[in-house]
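In my numbering, the protein residues as written are 7 to 81. Glycine included, each C-beta is placed from N, C-alpha and C at the ideal position. These numbers come from a predicted model, not from an experiment. A short worksheet on the structure shown next.
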Amino acid sequence: MNPYRARTTKYAYIPFGGGVHACLGAQLAMVVSKIFASHLLQEFDWQIEETTQFVQFPLKKIKNNYRIAIARGRL
7 MNPYRARTTK YAYIPFGGGV HACLGAQLAM VVSKIFASHL LQEFDWQIEE
57 TTQFVQFPLK KIKNNYRIAI ARGRL
């Protein structure tokens, strides 16, 4: 067990609350997050650098750390 890890309960992190105390802006926040992610994916060119190594056991995954090159896309 890691002594530096915070001692919290399993479901202590609930970002928008729940029940009668649920956040009124939760749906708006989710929509804005999706629009933001969509904008990032559409407006920028994303590429994994060629030095990235993959392993195939049992599913393909990245061996160690990897680097991503991000460039501004067309305007």
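Going along the chain, which residues of its own chain have a beta-carbon closer than 6 Å to the beta-carbon of residue i, five neighbours each way excluded?
i, result
"Q53", "A75"
"R73", "E55"
Can you tell me where the beta strand (DSSP E) holding residue i begins and where it ends?
i, result
"I76", "I74 to R78"
"F22", "Unbroken run through F22: none, as it is neither H nor E."
"V61", "F60 to Q62"
"K67", "K66 to I68"
What is the C-beta distance between residue i and residue j, in whole angstroms, given that I count them as a contact (C-beta under 8 Å)?
i, j, result
"G79", "E55", "Contact doesn't hold; Cβ gap of about 18 Å is too wide."
"A77", "D51", "5 Å"
Between which two residues does the alpha helix (DSSP H) holding residue i run?
i, result
"F42", "A32 to E49"
Note down, in chain order, each residue of its chain lying with its Cβ closer than 7 Å to the Cβ of residue i, except the 5 sequence neighbours on either side.
i, result
"A32", "F22"
"K69", "Q59, F60 and V61"
Less than 8 Å between C-beta atoms, sequence neighbours within five positions excluded: which residues of the same chain meet that for residue i?
i, result
"K67", "F60 and V61"
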